[in-house]
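Quick notes on the structure that follows.
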Amino acid sequence: MKTRRRSDSPSVPTPVARPIRKVLIANRGEIAMRVVRACQELGIRSVAVYSDADAHAPHVREADEAVLIGPAPASESYLNGEHLIAVAKAVGADAIHPGYGFLSEREWFARAVRDAGLIWIGPPAEAIAAMGSKTAARTLAIAAGTPVVPGTTEALRDAAEAAGIAARFGYPVLLKAAAGGGGKGMRVVREPGEIAAALASAQREAKNAFGDDAVYVEKYIEGPRHVEIQVLADMHGNCVALGERECSVQRRHQKMIEEAPSVAVSPELRKRMGDAAVAAARAAGYVNAGTCEFLLAKTGEFYFLEMNTRIQVEHPVTELVMGIDLVQWQLRIAAGEALDLTEVPQPSGWAIECRITSEDPANGFLPSTGRINYLHIPSGPGVRWDGGIVVGSVVGLSYDPMLAKLIVSAPTRDAAIARMQRALRELVIDGVETSREFHLRVLADEEFQRGAIDIQWLESRLPSLLASAPSAETVRAAAIAAALIADRERGSAAGAATAASHPRNTGADAAATEWARAGRLDALRNA
Amino acid sequence: MKYLVDVNGERVEVTLDADGVTVDGTRELAHLADVEGTPVRLVTIGGVQHRVIARRSGARGSYALWMDGWRFDVEALDERTRAIRELSESKQGPAGPAPVVAPMPGLIVRVNVAVGDRVEAGQGVVVMEAMKMENELRAPAAGTVRVVIAVAGVAVEKGTRLVEFELEG
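Those sequence lines, one after another, are chains A and B.
The opening position of the first sequence corresponds to residue 2 in our numbering, with each subsequent residue numbered one higher.
The opening position of the second sequence corresponds to residue 1110 in our numbering, with each subsequent residue numbered one higher.
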């Protein structure tokens, strides 16, 4: 690893190294559990916080201490930053870990934690601010030499100007209304001959829809993948890229399945993307774990989108292929430790994560609610479960529908897919509808198996995935199972119900028992 | 005992005897066992085991069934019960498509249909907000809107009827 002192970063107060003995975890669900585990392995005490709705949640029972912070609505509990800081002070915590979501990327909260004399386990408030808005992050990335999607920032004057810029970017280009949204005032232009007419209609549409006919032009990236680079930076000026994650399988911009590495990234490309991510992170004065998101075009060109200034949901796939504990490193970096990576590690093997959510894929992914009656967690080689539910957990509508993450690793992508299919079949969650069957359909899909995915893939493939039907043999087996269950519940003395009173009886055993009974009756008759 | 099982829109005749099952004239050993302390049942058909979870859904014999990585909606009724049920259904005349009900508690954001509107199967009729996400509720089958109960801006409980339909024609 090449290290370089930060010289050109914004004026960021130099963080001071202080030991961390007790961490307040300002989050819930699986990420709170994840932080509890990291703390326990580092010998740090953990303090869980919880709302009324989470009194029986696993993170509450696994942490060393737990504090009730308010009613179920997040605005009155997990988003009440001032109260969380007061609780941290009251329990004698010296640091706050925000997890992801909730307050994790609020600049004011990071600043308030620091001002309260507590350690913020995350990047400096100034770095959050620098990466906070897409336009600010874009300006920063351009200054750092990190490629962004080429585009104009001034409204186009006329078709001649548009044609000139398009020629510079290369076709296709996208005309985009400045005030735009919902696809209105947007046109993809594939050749110079189309641009004048497309600009006129985009301007007309923008004028009608938004009362403003300002139209920009940017390079249109066709069928891009979402590839992101994990970054770790310490407060001593070391910053390292830890390879990529491919997160192209998305529905409505929500990631569903993530993997590391990406089929589309060669070691050479990984190096270039890693360097670009590190440059952007350094420009922001970044410290701790963060992620630079890129669009990766079919041509191999990549473009910076934004930086997520927190630990991410999908961090485990990086941990598994890089052999590194990112959450432990978050704590160690925050305490002032220097990264000890002497060279940039290369990914080894393949890891895949499926987000297990309480959404019903057969019903438009509507959130499903209920009580977890039974949970069987898959295990065995290469299987990891980062979960936030236990038997008895009540899944409501107050929070995010993600119940757990199922992660597998294996030597190759094919083996990882096979392992994930095995693990998903082992998984049983009774009480709410889940995304389990959806994941099984995706993993069985031929295009997914080839890695032929981009950010539009799932949306276009979803209808056929959801319409796919089981084999005739499976349908027949389901019919038989249904008849056996209905017969049992009917309380019928006849039929297969008799065998059921001997749970592990095989059919053959049951038959043998009948013969034995007949034999005994015969013997009695003859006596 | 003969069962008529509707599974994924297909009807399968399943005849149970003391320790086996006959479907389409082929008999196999079959039986059902509970896995103690769990809702999992082990269904063995011709020596092949299937782990099954069944949850009652509505009327007797109706279940959501999870098995071999698939979710099924099934209705298993013995011949006599099936005959009685179909007789009483035919007396009532053909029922319209099932009403759209709130699948969760939430807020009605928008109602996209009015009484008398013709709708296609899968057409969005009501938009609800829950978990900070807008969710579109769709018509289960083609039909005509008979009653609109949902009102935009009103919070509803899970199971509340929102729109009722009648068959086309």
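In this text, a Cβ means the ideal position worked out from N, Cα and C, and glycines have one as well.
Would you decide whether residue i is buried or exposed? Buried here means 16 or more other CB atoms lie within 10 Å of its CB.
i, result
"residue 1153(B)", "buried"
"residue 313(A)", "buried"
"residue 1189(B)", "exposed"
"residue 93(A)", "exposed"
"residue 136(A)", "exposed"
"residue 126(A)", "buried"
"residue 105(A)", "buried"
"residue 527(A)", "With a pLDDT of 45 at residue 527(A), under the threshold of 50, the modelled position of this residue cannot be trusted; read the value that follows with caution. Exposed, since its Cβ has fewer than 16 Cβ neighbours within 10 Å."
"residue 121(A)", "buried"
"residue 1162(B)", "buried"
"residue 525(A)", "Because residue 525(A) carries a pLDDT of 49, less than 50, the predicted location of this residue cannot be relied on, and the following value inherits that uncertainty. Exposed: under 16 other Cβ atoms inside 10 Å."
"residue 1197(B)", "exposed"
"residue 1243(B)", "exposed"
"residue 1224(B)", "exposed"
"residue 1193(B)", "exposed"
To which residues of the same chain is residue i closer than 7 Å at the C-beta, ignoring the five residues directly before and after it?
i, result
"residue 199(A)", "176, 188 and 190"
"residue 306(A)", "294, 295 and 296"
"residue 1275(B)", "1205, 1252, 1253 and 1255"
"residue 1234(B)", "1209, 1221, 1222, 1228, 1246, 1247, 1248 and 1272"
"residue 398(A)", "368 and 370"
"residue 204(A)", "214 and 216"
"residue 52(A)", "70, 71, 72, 73, 78 and 79"
"residue 117(A)", "86 and 90"
"residue 498(A)", "Because the pLDDT of residue 498(A) is 38, which lies under 50, any placement of that residue in the model is unreliable, and the number read from its coordinates should be weighed accordingly. Hits under 7 Å: 488 and 489."
"residue 1268(B)", "1210 and 1211"
With a CB to CB cut of under 6 Å and the five nearest residues on each side skipped, what residues in its chain are close to residue i?
i, result
"residue 1207(B)", "1249"
"residue 1273(B)", "1208, 1255 and 1256"
"residue 132(A)", "138, 285, 308 and 310"
"residue 264(A)", "452"
"residue 388(A)", "31 and 405"
"residue 1264(B)", "1216"
"residue 287(A)", "124, 128 and 234"
"residue 227(A)", "248, 249 and 456"
"residue 1136(B)", "1129"
"residue 46(A)", "23 and 65"
Got a sec? Which residues, its chain only, sit under 8 Å from residue i by beta carbon, not counting five neighbours each side?
i, result
"residue 168(A)", "193"
"residue 84(A)", "70 and 71"
"residue 206(A)", "178, 185 and 186"
"residue 421(A)", "353, 355, 407, 409, 440 and 444"
"residue 502(A)", "For residue 502(A), the predicted structure reports a pLDDT of 40, less than 50, and the residue's modelled location is therefore unreliable. The matter cannot be settled from this model."
"residue 276(A)", "242"
"residue 208(A)", "214"
Can you tell me where the beta strand (DSSP E) holding residue i begins and where it ends?
i, result
"residue 1153(B)", "1150 to 1154"
"residue 1255(B)", "1252 to 1257"
"residue 153(A)", "Here residue 153(A) belongs to no beta strand (DSSP E), and DSSP marks it neither H nor E."
"residue 97(A)", "96 to 98"
"residue 319(A)", "Careful: residue 319(A) lies outside any beta strand (DSSP E), inside the alpha helix (DSSP H) at 316 to 323."
"residue 136(A)", "Note, residue 136(A): premise wrong, no beta strand (DSSP E); alpha helix (DSSP H) at 135 to 145."
So residue i is in the alpha helix (DSSP H); what residue range does that whole segment cover?
i, result
"residue 345(A)", "Element bounds for residue 345(A): n/a, residue is neither H nor E."
"residue 422(A)", "414 to 427"
"residue 116(A)", "108 to 116"
"residue 169(A)", "160 to 170"
"residue 485(A)", "473 to 490"
"residue 331(A)", "327 to 335"
"residue 1137(B)", "Looking at the DSSP string, residue 1137(B) is not in any alpha helix (DSSP H); the run it does join, the beta strand (DSSP E), is 1135 to 1143."
"residue 272(A)", "268 to 284"
Compile a chain-ordered list of the residues in the region 436 to 457 of chain A whose CB is closer than 7 Å to at least one CB of chain B. Answer set for the region 436 to 457 of chain A: 438 and 441.
Going along the region 453 to 483 of chain A in order, which residues come within less than 8 Å of chain B, judged by CB to CB distance? Of all residues in the region 453 to 483 of chain A, 470, 471, 475, 476, 477, 478, 479, 480, 481, 482 and 483 have a Cβ within less than 8 Å of some Cβ in chain B.
Taking beta-carbon pairs under 7 Å, can you tell me which members of the region 361 to 394 of chain A lie near chain B? Cβ contacts with chain B come from 363, 364, 365, 367, 368, 370, 374 and 375.
Unbroken stretches of the alpha helix (DSSP H), 4 residues or longer, contained in the region 26 to 92 of chain A: Qualifying alpha helix (DSSP H) stretches, in chain order: 30 to 42, 59 to 63 and 82 to 91.
Of the residues that make up the region 212 to 224 of chain A, which ones have a beta carbon closer than 9 Å to any beta carbon in chain B? Along the region 212 to 224 of chain A, there is no position whose C-beta sits under 9 Å from a C-beta of chain B.
Quick one: which unbroken beta strand (DSSP E) runs of 3-plus residues sit fully inside the region 1170 to 1249 of chain B? Chain order, please. 1171 to 1176, 1179 to 1187, 1215 to 1220, 1233 to 1239 and 1242 to 1247, all fully within the region 1170 to 1249 of chain B.
Chain A contacts from the region 1255 to 1267 of chain B (Cβ-Cβ distance under 8 Å): From the region 1255 to 1267 of chain B, only 1267 have a Cβ closer than 8 Å to chain A.
Using a Cβ-Cβ cut-off of less than 7 Å, give me the residues of the region 1130 to 1141 of chain B that come near chain A, in sequence order. For the region 1130 to 1141 of chain B, the set of positions with a beta-carbon nearer than 7 Å to some beta-carbon of chain A reads 1130, 1132, 1138, 1139, 1140 and 1141 in chain order.
Of all the beta strand (DSSP E) runs that stay within the bounds of the region 199 to 253 of chain A, which reach a length of 3 or more residues? Complete beta strand (DSSP E) runs here, min 3: 216 to 220, 226 to 234 and 240 to 252.
What beta strand (DSSP E) runs, 3 residues minimum, are completely inside the region 423 to 470 of chain A? Runs of the beta strand (DSSP E) inside the region 423 to 470 of chain A: 429 to 431.
Between the region 1210 to 1224 of chain B and chain A, which residues of the former have a C-beta closer than 9 Å to a C-beta of the latter? Correct list: 1212, 1213, 1214 and 1215.
Which residues, in order along the region 1224 to 1249 of chain B, keep a beta-carbon less than 7 Å from a beta-carbon of chain A? Across the region 1224 to 1249 of chain B, CB contacts with chain A closer than 7 Å involve 1239, 1240, 1244, 1245 and 1247, in sequence order along the chain.
Going along the chain, which residues of the region 260 to 292 of chain A sit with their C-beta nearer than 8 Å to a C-beta in chain B? Listed by position along the chain: nothing, the set is empty.
Check each residue of the region 52 to 79 of chain A: if its Cβ is closer than 7 Å to any Cβ of chain B, include it; give the result in chain order. From the region 52 to 79 of chain A, no residue has a Cβ closer than 7 Å to chain B.
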